[in-house]
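All residue numbers for the sequence shown refer to my numbering, where the first residue is 273 and numbers rise by one. One structure below.
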Amino acid sequence: MRTIVLNRAADAGEWRQAARALLLAGIAPHEVDWRTGAEGTLFAKERPPPSPSGAGTRHPRVPRAFPELAEAVICHSDPGRFALLYRLLVRLQGSGHLLEIASDPDVAAARRLAKAVRRDCHKMTAFVRFREVPANGPAPGRRRFVAWFEPDHHIVARTAPFFAGRFADMDWLIMTPKGSAAFEDGTLTVSDAPALKPDLADAADALWAAYYAAIFNPARLKVKAMQAQMPRKYWRNLPEAALIPGLVASAQARVAAMARQEPHPPPAFHARLEARRPQVPAPPPSGTLDALREEARACAACPLHCQATQTVFGEGPADAALMIVGEQPGDREDLAGRPFVGPAGRLLDRMLREAGVDRREAYVTNAVKHFKFEPRGKMRLHRPPNAGEVERCRWWLGREIDLVRPKLVVAMGATALLALAGRKARLADMRGRVTQAEAGRALLVTIHPAYLLRIPDARRAEEETRRFRDDLDAARRWLESAGAVMRLRQMPATAG
273 MRTIVLNRAA DAGEWRQAAR ALLLAGIAPH EVDWRTGAEG TLFAKERPPP SPSGAGTRHP
333 RVPRAFPELA EAVICHSDPG RFALLYRLLV RLQGSGHLLE IASDPDVAAA RRLAKAVRRD
393 CHKMTAFVRF REVPANGPAP GRRRFVAWFE PDHHIVARTA PFFAGRFADM DWLIMTPKGS
453 AAFEDGTLTV SDAPALKPDL ADAADALWAA YYAAIFNPAR LKVKAMQAQM PRKYWRNLPE
513 AALIPGLVAS AQARVAAMAR QEPHPPPAFH ARLEARRPQV PAPPPSGTLD ALREEARACA
573 ACPLHCQATQ TVFGEGPADA ALMIVGEQPG DREDLAGRPF VGPAGRLLDR MLREAGVDRR
633 EAYVTNAVKH FKFEPRGKMR LHRPPNAGEV ERCRWWLGRE IDLVRPKLVV AMGATALLAL
693 AGRKARLADM RGRVTQAEAG RALLVTIHPA YLLRIPDARR AEEETRRFRD DLDAARRWLE
753 SAGAVMRLRQ MPATAG
């Protein structure tokens with residue numbers, strides 16, 4: 273058994289040199305005992321065998337992915353990491369595609385260690401908190417900062433260049449139980465010597481805590497997600513962490529208070545700024561839907577037109593008794609220029625048929641006429657419009673209603689309800705029954721069909737689909753009772 277003692281705990285170059293010599297000497301993985309630093313003082317320290325040289329020497333060959341994998345695995349705190357990497361190195365000489373076999377135990381173990389190291393590096397970049405100390409260095413004018421962090425693995429040297437690039441205009445020292453990194457006058461130095469936690473105090477901690485409390489949004493609190501991204505083991509070194517339990521405990525009450533609170537009027541200077549801003553006159557009233565549709569093509573009232581492919585206007589008979597208002601176009605609608613042609617539209621068509629309503633006899637539109645999305649690779653992910661964007665589009669929806677003059681308007685989703693009934697209306701309170709909206713028109717509120725497509729539980733999805741169909745059936749029955757002239761499919765409405 274050979275005992276190989278490495279001087280540093282996470283030096284990929286030192287391990288690579290020793291592993292290469294062992295491999296060329298034909299030493300099997302089970303014949304090597306790898307140790308580091310102080311561990312080696314208890315055992316006989318052996319040098320790796322000298323590397324053979326000469327024209328006939330066969331050099332080790334590894335795929336390109338192995339050096340990167342090894343550099344990450346070396347930084348893990350698992351004592352068996354060196355043996356694992358050497359075992360992989362030996363096996364790669366006979367199977368160059370070994371790293372592509374995800375089910376292989378050694379490959380899976382190495383990937384698991386590398387992933388843990390990358391996560392630890394990410395947490396270090398996120399949770400290091402610098403405290404300012406008096407500047408007494410050789411470079412005048414450069415501020416000095418000190419930080420304490422407790423990583424799980426030997427990642428100081430691996431992560432230090434990030435801080436050197438991010439905070440190049442100041443001198444700093446990051447101390448950890450697994451080593452330290454110092455950046456002074458543009459020079460980065462790293463030490464493996466364990467550091468002791470310093471007694472740090474900074475007057476800016478109170479300012480940072482006040483800022484953190486001010487930006488905390490109780491309405492978006494997700495405790496499990498927060499703890500997954502910011503585990504409790506990091507809290508003891510974060511100045512803002514002392515506030516978290518109190519903020520979490522008071523979140524529900526704060527959300528309820530915000531819901532009860534009336535909107536605040538804008539500050540006085542807002543009116544002065546609005547007075548200076550050039551006013552864009554509203555387009556003149558259009559006498560027909562076709563003319564209104566042409567005007568809407570050039571709408572630039574809000575920023576949504578910048579990314580959208582085109583305006584998606586309503587379609588249907590100009591004298592329809594039923595108007596269906598959705599929230600906003602989706603990806604398919606944005607490309608086609610027509611409302612409800614995507615998955616939610618196909619579901620709506622099916623539900624209308626089952627409720628005994630012919631979509632061709634209804635006027636279908638959206639509260640917002642442009643597609644709002646967030647690019648994510650090759651995909652465009654739907655983003656809900658905000659209240660300002662809904663308000664800018666209300667003029668178009670109002671003109672559609674004025675021209676069509678429907679007997680009943682069906683609002684599908686919270687955005688449609690906001691556009692038709694204002695901020696105080698709640699979908700859950702109004703769903704499934706006919707009420708009076710603005711200008712005395714009848715309004716029936718229900719959910720948006722896209723909501724049904726996002727329900728993961730099959731039983732709940734079936735129940736919500738039945739309720740949606742019942743809402744559409746209620747709209748049909750109301751129109752019949754009101755004597756509206758509308759072509760209904762010659763089939764009974766489905767109750768469930």
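Virtual Cβ for every residue (Gly too), placed ideally from N, Cα, C.
Taking all protein chains shown into account, do 16 or more other C-beta atoms lie within 10 angstroms of the C-beta of residue i, making it buried, or fewer, making it exposed?
i, result
"Gly352", "exposed"
"Phe541", "exposed"
"Cys347", "buried"
"Glu735", "exposed"
"Thr459", "exposed"
"Cys578", "exposed"
"Ala684", "Correcting the residue identity first, residue 684 is Met in this sequence and not Ala. Classification of Met684: buried, given that the 10 Å Cβ count is 16 or more."
"Ile373", "exposed"
"Ala776", "Nothing in the structure corresponds to residue 776, since the chain is present only between 273 and 768."
"Asp441", "exposed"
"Leu445", "buried"
"Ala327", "With a pLDDT of only 48 at Ala327, under the threshold of 50, the placement of this residue in the model should not be trusted; the figure read from the coordinates follows. Exposed, since its Cβ has fewer than 16 Cβ neighbours within 10 Å."
"Arg741", "buried"
"His720", "buried"
"Met530", "exposed"
"Glu546", "exposed"
What residues in its chain sit with their C-beta under 7 Å from that of residue i, if we drop five residues either side in the sequence?
i, result
"Tyr483", "none"
"Leu314", "Residue confidence is low: Leu314 scores 48 on pLDDT, short of 50, so the model does not pin down where it sits. Its coordinate-derived value is still stated next. Nothing meets the Cβ criterion."
"Trp480", "Pro511, Glu512"
"Ala754", "Lys679"
"Gly609", "Gln582, Val584"
"Ala281", "Thr308, Gly309, His426, Asp464"
"Ala688", "Val597, Gly598, Glu599, Ala639"
"Leu295", "Pro332, Leu361, Val362"
"Ala772", "Residue 772 cannot be examined here, being either before or after the span of the chain that is shown, 273 to 768."
Nearest by alpha-carbon distance to residue i: which of the options is it?
i, options, result
"Ala436", "Ala453, Pro423, Thr448, Met447", "Ala453"
"Leu361", "Arg414, Ala293, Phe399", "Ala293"
"Thr581", "Glu587, Cys571, Gln365, Pro589", "Cys571"
"Val495", "Ala481, Tyr506, Ala485, Ile516", "Ile516"
"Asn279", "Leu445, Leu493, Thr308", "Thr308"
"Arg492", "Leu510, Asp477, Gln524, Ala686", "Gln524"
"Pro466", "Ile487, Ala475, Trp420", "Trp420"
"Arg336", "Val379, Gly285, Leu371", "Leu371"
"Pro589", "Glu546, Lys395, Leu675", "Leu675"
"Val629", "Leu689, Gly617, Arg749", "Arg749"
"Gly298", "Arg274, Arg548, Ser349", "Arg274"
"Trp667", "Phe488, Leu692, Pro539", "Leu692"
"Pro656", "Ala686, Arg648, Asn489, Ile673", "Ala686"
"Pro406", "Ala616, Leu653, Ala290, Val418", "Val418"
"Asn509", "Asp471, Arg544, Ala486, Ala475", "Asp471"
"Ala429", "Val462, Thr448, Met447", "Val462"
"Lys395", "Pro503, Asp376, Pro449, Leu357", "Pro503"
"Gly451", "Glu422, His654, Asp701", "Glu422"
"Gln533", "Arg416, Arg695, Val520, Ile487", "Arg695"
"Gln501", "Thr397, Leu385, Trp287, Phe439", "Thr397"
"His331", "Ser349, Leu357, Gln365", "Gln365"
"Cys393", "Asp477, Asp376, Met651, Asp424", "Asp424"
Per the DSSP calculation, residue i is bridged to which residue(s)?
i, result
"Ala451", "Rather than Ala, the amino acid found at residue 451 in this sequence is Gly. BP columns for Gly451 point to Thr448."
"Glu456", "Thr459"
"Pro484", "It is worth fixing the name first, because residue 484 is Tyr in this sequence and not Pro. Paired residues: none, contrary to the question."
"Pro470", "Answer by DSSP bridge pairing: none, since Pro470 is not bridged."
"Leu594", "Ala634, Leu680"
"Asp305", "Thr275"
"Val706", "Leu716"
"Glu587", "Val636"
"Phe645", "His654"
"Val405", "Arg416"
"Asp443", "Arg416"
Here's a check: name, in chain order, each residue in its chain whose Cβ is nearer than 6 Å to the Cβ of residue i, leaving out the five neighbours to either side.
i, result
"Phe585", "Arg565, Ala568"
"Phe399", "Tyr506"
"Ala355", "Trp306"
"Pro490", "Ala523, Arg526, Val527"
"Met702", "Val717"
Short of 8 Å in beta carbon distance, which residues of its chain neighbour residue i, apart from the five on each side in sequence? Order them along the chain.
i, result
"Ala473", "Arg403"
"Ser678", "Looking at the sequence itself, residue 678 is Pro, so the reference to Ser does not match. Ala592, Ala593, Leu594, Met595, Tyr635, Arg713, listed in sequence order."
"Arg363", "Leu370, Asp378"
"Gly614", "Gly602, Asp603, Arg604, Glu605"
Any heavy atom of the ligand GTP closer than 8 Å to the CB of residue i?
i, result
"Lys696", "In terms of ligand content, the structure shown is empty, and the ligand GTP therefore cannot be addressed."
Residue i CB to nearest chain C CB: under 9 Å?
i, result
"Phe488", "Any reference to chain C falls outside this structure, which holds one protein chain only."
Three-pair Cβ contact test at 8 Å for the region 659-678 versus the region 615-632: no
Given 8 Å, three or more beta-carbon pairs between the region 332-342 and the region 297-308: no
Sufficient close CB pairs (3 or more, under 8 Å) joining the region 634-642 to the region 696-708: no
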